[in-house]
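Down below is the structure, laid out as structure tokens.
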Amino acid sequence: MGYLLIVTLIQAFSFSLIGEYLAGHVDSYFAVLVRVLLAGLVFIPLTRWRSVEPAFMRGMLLIGALQFGVTYVCLYLSFRVLTVPEVLLFTILTPLHVTLIEDALNRRFNPWALIAALVAVAGAAVIRFDQISPDFFMGFLLLQLANFTYAAGQVLYRRLVARHPSDLPHYRRFGYFYLGALAVVLPAFLLFGKANFLPEAPLQWGVLVFLGLVSTALGLYWWNKGACLVNGGTLAVMNNLHVPVGLLLNLLIWNQHEPLGRLFLGGAVIVAAVWISRLGVRPALGLANR
52 MGYLLIVTLI QAFSFSLIGE YLAGHVDSYF AVLVRVLLAG LVFIPLTRWR SVEPAFMRGM
112 LLIGALQFGV TYVCLYLSFR VLTVPEVLLF TILTPLHVTL IEDALNRRFN PWALIAALVA
172 VAGAAVIRFD QISPDFFMGF LLLQLANFTY AAGQVLYRRL VARHPSDLPH YRRFGYFYLG
232 ALAVVLPAFL LFGKANFLPE APLQWGVLVF LGLVSTALGL YWWNKGACLV NGGTLAVMNN
292 LHVPVGLLLN LLIWNQHEPL GRLFLGGAVI VAAVWISRLG VRPALGLANR
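Residue numbering for the sequence shown follows the numbering used here, starting at 52 and increasing by one per position.
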């Protein structure tokens, strides 16, 4: 529980740092690449390369590619067209994706999850009903892809650790995670990154260093480790706790003029979608966001 609480605070603060100091100022692919490289510098030297099952290595590479690689590329791209409060609210939908993934893995079908998806889209429309544009919905869809891959990474990590128990501490087998992330992020930067759109101000570099060493290295490690130590219900609550904390920080410090009425009305609809997605689901793993 302690791991999850600490990471919740880190996540809540990180969203605002990305939205206020990096989005629109620093190439998204480069920012994600720097985060992976810094985190890798922390964990790769600690990683045990022998006495680790090949199946576990492959699983961790896949999880890293999904939970960080795809997730954070999509997350940073969404900041180009969405505000920080909108991004925070749309990450509430990760439990919906967890429900769909768990149902697929357990060969179940839950019609409530599909209804919840429609309700969630309606909630997003409420927030921007006077400024709905293709770019807005593209940002919304990018975040849903990020939610899906982040949820998949958490679901698979818990299953992988349970399937391959080891006397080694978690950090000795976590470096593979960042190699998997790098396998996605590096080609993305080489193909789509803009080398002339790099950080210029020391503050931007400082934000990247914080996000790489604290949010990415310690944050993702502590979150995945904590996820294996609590039940699914507790994890679901903790995962979404970053949303009210992040909104409070952002609205108090950076976005005092945000239209609060529509924001909270649309947010209430999205929260209702999460509740709907849990109808008819047996007690199982419930996760949410970064």
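In this text, a Cβ means the ideal position worked out from N, Cα and C, and glycines have one as well.
Bear in mind that the values here come from a model prediction, so they are computed numbers and not experimental data.
Margin query: Since F130 and G70 should fall inside the 8 Å C-beta cutoff, what is the C-beta to C-beta distance between them, to a whole number of angstroms?
Written below: 5 Å
Next item on the list: To the nearest angstrom, report how far apart L21 and D154 are at their CA atoms.
Entry: Residue 21 lies beyond the residue range present for the chain, which begins at 52 and ends at 341; the question has no answer from this structure.
Note to self: I'd like the span of the alpha helix (DSSP H) that includes F66, first residue to last.
What the structure shows: 53–68
Next item on the list: Apply the 10 Å Cβ neighbour rule to L338 and answer buried if 16 or more other Cβ atoms are within range, or exposed otherwise.
Entry: At L338 the pLDDT is 35, less than 50, meaning the model places this residue with poor confidence and gives no usable figure here.
Notebook entry, point to check: Quick one: what's got a C-beta closer than 6 Å to T200's C-beta in the same chain, skipping five residues either side?
Noted result: L117, V121, T122
Notebook entry, point to check: Rounded to a whole number of angstroms, what is the C-alpha to C-alpha distance between A252 and L219?
Noted result: Distance between the alpha carbons of A252 and L219: 41 Å.
Checklist line | Straight-line gap, S67 to L211 (C-alpha atoms, nearest Å) | finding: If I take the Cα positions, the gap works out to 32 Å.
Note to self: On the CB-based measure, 16 or more other CB atoms within 10 Å of its CB, does F64 come out buried or exposed?
What the structure shows: buried
Checklist line | Environment of L336 [buried if 16+ CB atoms lie within 10 Å] | finding: Residue placement at L336 is poorly supported in this model, since its pLDDT is 39, which falls under 50; the coordinates still yield a value, given next. So L336 counts as buried.
Item checked: Presumed contact (8 Å Cβ cut-off) between R86 and L230, rounded CB distance -> Between L230 and R86 the Cβ distance is about 14 Å, and since that is not below 8 Å, they are no contact.
Check: Hey, out of L84, R214, L303, whose CA is closest to A234's CA?
Finding: L84
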